[in-house]
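Reviewing the structure listed below.
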Amino acid sequence: MFLATFKLCAGSSYRHVRSMKGLRQQAVLAIGQELNRRALGGPAPAVWINQVRRRDALLGSQLEDPLYSDQELAYIQQGEEAMQRALGILRDQEGWKKESRQANGDEVLSKVIPDVGKVFRLEVVVDQPMERLYEELVERMEAMGEWNPNVKEIKVLQKIGKDTVITHELAAEAAGNLVGPRDFVSVRCTKRRGSMCVLAGTATLYEEMPQQKGVIRAEHGPTCMVLRPLAGSPSRTKLTWLLSIDLKGWLPKTIINQVLSQTQVDFANHLRKRLESCPALEARC
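Just so we're aligned, residue 15 is where the sequence shown starts under the numbering used here, counting upward by one.
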């Protein structure tokens, strides 16, 4: 089925089916969904094939499915590919080196990835349920500047479906102002499967947000946060954050490494304080 879908998508480039826009979109989205299923883990192939067959039987009645432009489909694909790459990096347990370990158990690891560069991996346990972290990191993303001093502002520029957004993030100066203001334009993709949630992203181009005067446009590489209930303690959450950033400009590597690893440690501390001071989404903090 996956091969047939791929052929259908590829065939949509022929002149006689270019007008079948909705069908082409269904094919592209089906491929993205299967790639995501393979990354997050899912049912055995036979089970998945039966599920796809049931969905295909209902395809003709799905008249209210959103129609995406070619650019929107490109953003969706870019976000899902970033998720695949980031999860692939996290799955490989070899070669990680310890950068720091805090008294509370928070740990930052690093690794050099070909064609990506040095990436950082934060491992923490938060004494809050996963749903609470999801609320703060996804549903209230634009409020992050209120509690994280390293972020001046995050703004959602465009929403595409229920899983993908384009964001603009303005970061604060760091390392005693040695690292000046940076901003990022990113495509972010959020997927939930069972008890696990993945928030992934990467740099993208967005014509309506050109480079700002006096601010260096930096770039997120494939990056993601993985949230899951702590084994044996569902009221607590294991958070893994893969961070990959090209800060651009001229900066010594020692400064960059220090800033990025400290940014992760600070984030965990600020997030805990936020969750403690504002324990529920309904609370007005």
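C-beta: ideal position from N, C-alpha, C; glycine also.
(request) Measure the CB-CB distance between F281 and H234 and report whether it falls below 8 Å. (result) Taking 8 Å as the cut-off, the beta carbon of F281 is found no closer than this to the beta carbon of H234.
(message) I'd like the ranges of any alpha helix (DSSP H) spanning at least 4 consecutive residues and lying wholly in the stretch 100–168.
(response) 144–148
(request) Would you mind working out which of S83, P224, L104 sits nearest T237, comparing C-alpha positions? (result) L104
(message) Going by DSSP, what residue range makes up the alpha helix (DSSP H) through D177?
(response) Run containing D177: none; DSSP gives neither H nor E here.
(request) Just tell me which of L289, I230, K287, V240 has its CA closest to the CA of L265. (result) I230
(request) Scan the stretch 210–281 and note each continuous alpha helix (DSSP H) run of 4 residues or more that stays entirely inside, going in chain order. (result) none
(request) Give the secondary structure of L81 by DSSP, where H, G and I count as helix, E and B as strand, and everything else as coil. (result) coil
(message) I need the straight-line Cα distance from S200 to A96, nearest angstrom please.
(response) 11 Å
(message) Would V122 and Q278 qualify as a contact pair, given that the criterion is a beta-carbon distance under 8 Å?
(response) yes
(request) Could you spell out where the beta strand (DSSP E) holding V199 opens and where it closes? (result) 196–207
(message) Since Y89 and I168 should fall inside the 8 Å C-beta cutoff, what is the C-beta to C-beta distance between them, to a whole number of angstroms?
(response) Contact doesn't hold; Cβ gap of about 17 Å is too wide.
(request) Determine the burial state of A245: buried for a count of at least 16 other Cβ atoms within 10 Å of its Cβ, exposed for fewer. (result) exposed
(request) Spatial neighbours of W110 within its chain, please: CB distance less than 8 Å, with the 5 preceding and 5 following residues excluded, ordered by chain position. (result) Around W110, the same chain offers L123, S124, K125, R135 as residues with beta carbons nearer than 8 Å, after the five sequence neighbours per side are excluded.
(message) Please tell me whether S209 and V130 are closer than 8 Å, where the distance is taken between their beta carbons.
(response) no
(request) Just tell me which of E156, K112, R115, L151 has its CA closest to the CA of R286. (result) L151
(message) Which residues does DSSP list as the beta-bridge partners of A185?
(response) V165, R196
(request) Could you tell me the distance, in whole angstroms, from the CA atom of T216 to the CA atom of E145? (result) 24 Å
(request) Compare the beta carbon distance of V5 and E156 with 8 Å and say whether it is the shorter of the two. (result) With the chain represented from 15 up to 299, any question about residue 5 goes unanswered, as that position is not in the structure.
(request) Buried or exposed for R115, please, with buried defined as at least 16 other CB atoms from any protein chain shown within 10 angstroms of its CB. (result) exposed
(request) Would you decide whether G102 is buried or exposed? Buried here means 16 or more other CB atoms lie within 10 Å of its CB. (result) exposed
(message) My assumption, with CB atoms under 8 Å, is that P195 sits in contact with E187. Please give the rounded CB distance.
(response) 6 Å
(request) Pull up the distance between the alpha-carbon of R288 and that of E113, whole angstroms please. (result) 25 Å
(message) Are the CB atoms of T218 and M239 within a distance shorter than 8 Å?
(response) no
(request) Rank G159, E153, V133 by C-alpha distance to the C-alpha of L256 and give the top, closest one. (result) Put simply, of G159, E153, V133 the residue whose alpha carbon is nearest the alpha carbon of L256 is V133.
(request) Pull up the distance between the alpha-carbon of Q85 and that of A117, whole angstroms please. (result) Cα to Cα, the separation comes out at about 46 Å.
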